[in-house]
Structures are given as C-alpha cells and as structure tokens.
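Numbering (my numbering), first residue to last: 4 to 262.
Every residue, glycine too, gets a C-beta built ideally from N, C-alpha and C.
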C-alpha cells in the first residue's frame with residue numbers, strides 16, 4: 004500500500020469508494036408481517052343483528068325526562084261549550100275511529116268492547132280529533148300506573164288532534180265535549196293526564212286543577228319517577244288514592260302495555 008511523505012497510508016479512489024460503502028449503515032430488510040387486529044371485524048350477520056336490536060328496543064336510546072300532571076275537575080252544572088261539534092262514536096261506527104287512529108286502529112273495537120267511550124270532534128264533516136273516556140281501571144302509559152276512578156268518576160285519555168287540524172282548539176273542544184257528556188251520564192268528577200306541552204294550558208279554563216305532578220324517566224329497564232303534590236291538598240289526596248301512589252321517589256321495573 005502506498006504511503007505519503009509523512010508515512011501515512013494512501014488509498015486509491017476506487018478503494019476509497021468501497022470503504023465508504025462499508026461504513027454506511029446497510030438498511031435492514033424485514034419481512035412484512037400481517038399485524039393482528041386488536042378488535043377483529045364483526046361478521047356482517049352480527050352487525051345486522053345489532054342494528055335490528057337497536058331499532059326494536061327504544062331503551063337503547065338516551066333516556067328522556069317526562070314531566071306529567073294529573074288534573075281533576077268537579078263537574079259543575081254547566082261548563083264552557085266546545086268550539087266544534089263533539090259526538091260519541093258507538094260500535095256501529097268503529098271503522099270511523101279506527102281509520103283516524105291509524106296504526107292503533109285495531110285497538111278501537113277492543114276498547115269499546117270493554118266499556119270505554121270514544122268521542123270525536125268533527126270539522127267540515129271530517130274527523131279532526133278523538134278522545135276516550137273510561138269509568139273503570141285504565142293504564143296510563145306515560146306514568147306506567149293504573150288509575151281506578153271511583154263511583155261517578157271518569158278518566159279522559161288518549162286525546163289526539165289530527166295533524167292537519169292542530170292549533171285550532173280541537174283539544175279544548177274535545178275535553179269540553181267529553182265533560183258535558185259525562186255530566187249527562189251522571190258523573191261528578193273527571194280525571195285527565197297531561198305532559199308539559201302547550202295544549203295542557205286549555206285545562207285550567209275548563210275547570211281542571213292540578214292534583215299530582217310527576218317527573219319520570221325510563222333507564223336500563225327501570226322506571227324512575229318522583230311524585231309531588233300540587234297546591235290543592237284535597238285533590239292530591241284523592242289522586243294518590245285512585246292511582247295507588249304516594250308522593251316521593253318511586254323505582255320499579257318498566258312495563259309497557261298496548262291497550
């Protein structure tokens with residue numbers, strides 16, 4: 004190997020390039036490996052089952068707080084008249100109310116058979132709204148409680164205004180017409196439930212007073228409800244009796260009924 008004047012070794016250009024190549028870090032060639040899935044993809048059939056389950060089980064959605072009120076009215080000899088005609092529908096015209104009820108139409112005949120009375124508001128010859136009156140035990144879906152009216156008492160429920168007739172006073176007419184008919188049948192007190200929506204404002208002018216108030220929510224198959232008295236202690240006591248419930252916190256299993 005050649006040396007310079009000071010005795011240092013001299014390397015040729017070609018050899019120098021080879022040495023530089025050896026000093027470079029050679030890239031490591033790794034075999035590509037399939038990384039295992041930490042969360043394996045679910046089969047399509049299982050995914051479809053989950054979607055169907057969520058669609059058929061409303062409890063999978065976020066819980067919704069419902070604020071409700073039970074009202075009572077001691078029927079006076081006369082009351083405010085309805086804005087629109089209200090008529091009772093008997094069994095011979097079950098098809099009329101069934102058509103108005105839509106998906107729940109099959110319940111009309113069953114309700115009439117067990118003694119419930121149905122009333123309809125007519126506007127220009129068409130059904131604008133309907134409601135039911137029971138003098139026997141009836142299920143209150145929003146509260147998941149059963150009401151048992153006493154002698155000469157009734158419970159107004161499932162009052163519905165058809166979409167094209169809303170904001171015209173149909174609900175007010177319906178309740179007014181039902182209370183007038185109930186008075187003619189000899190009833191002395193009417194019960195009715197409401198949720199916190201604008202139509203409930205019509206109940207006060209019709210003679211109804213709040214009796215009990217409810218805050219309820221359904222969560223993980225349980226129904227949680229807080230019951231509080233309204234200002235009228237007498238009505239609150241009577242409402243507690245017909246509903247078999249006391250003021251305070253009530254927790255029980257959730258039960259749904261189609262009635």
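DSSP bridge partner residues for residue i (one or two, in chain order)
| i | result |
| --- | --- |
| residue 129 | 126 |
| residue 121 | 92 and 135 |
| residue 256 | 225 |
| residue 217 | 71 and 230 |
| residue 141 | 150 |
Closest Cα partner of residue i within the set the options
| i | options | result |
| --- | --- | --- |
| residue 182 | 117, 98 and 122 | 122 |
| residue 164 | 232, 202 and 93 | 202 |
| residue 185 | 240, 248, 250 and 138 | 138 |
| residue 206 | 150, 180, 244 and 80 | 180 |
| residue 176 | 157, 125, 155 and 156 | 125 |
| residue 78 | 134, 232, 250 and 195 | 195 |
| residue 160 | 94, 72, 231 and 240 | 72 |
| residue 89 | 112, 256, 241 and 127 | 127 |
| residue 153 | 162, 145, 140 and 146 | 140 |
| residue 256 | 228, 240 and 235 | 228 |
| residue 116 | 129, 131, 135 and 106 | 135 |
| residue 241 | 103, 253, 169 and 150 | 150 |
| residue 197 | 104, 114, 157 and 146 | 146 |
Supposed contact pair residue j and residue i - C-beta distance, whole angstroms, cut 8 Å
| i | j | result |
| --- | --- | --- |
| residue 66 | residue 222 | 5 Å |
| residue 193 | residue 76 | 5 Å |
| residue 226 | residue 142 | Not really, about 13 Å apart at Cβ, beyond 8 Å. |
| residue 87 | residue 220 | Wrong, their Cβ atoms sit about 36 Å apart, outside the cutoff. |
| residue 118 | residue 210 | Actually they are not in contact, since the Cβ atoms of residue 118 and residue 210 sit about 25 Å apart, beyond 8 Å. |
Host alpha helix (DSSP H) of residue i (start-end)
| i | result |
| --- | --- |
| residue 187 | 173–187 |
| residue 244 | 236–246 |
Continuous beta strand (DSSP E) stretch holding residue i: start and end
| i | result |
| --- | --- |
| residue 226 | 225–232 |
| residue 148 | 148–150 |
| residue 157 | 156–164 |
ask   = Which parts of the region 67–115 are runs of the alpha helix (DSSP H), unbroken and 4 residues or longer, counting only runs that do not cross its ends?
value = 97–104
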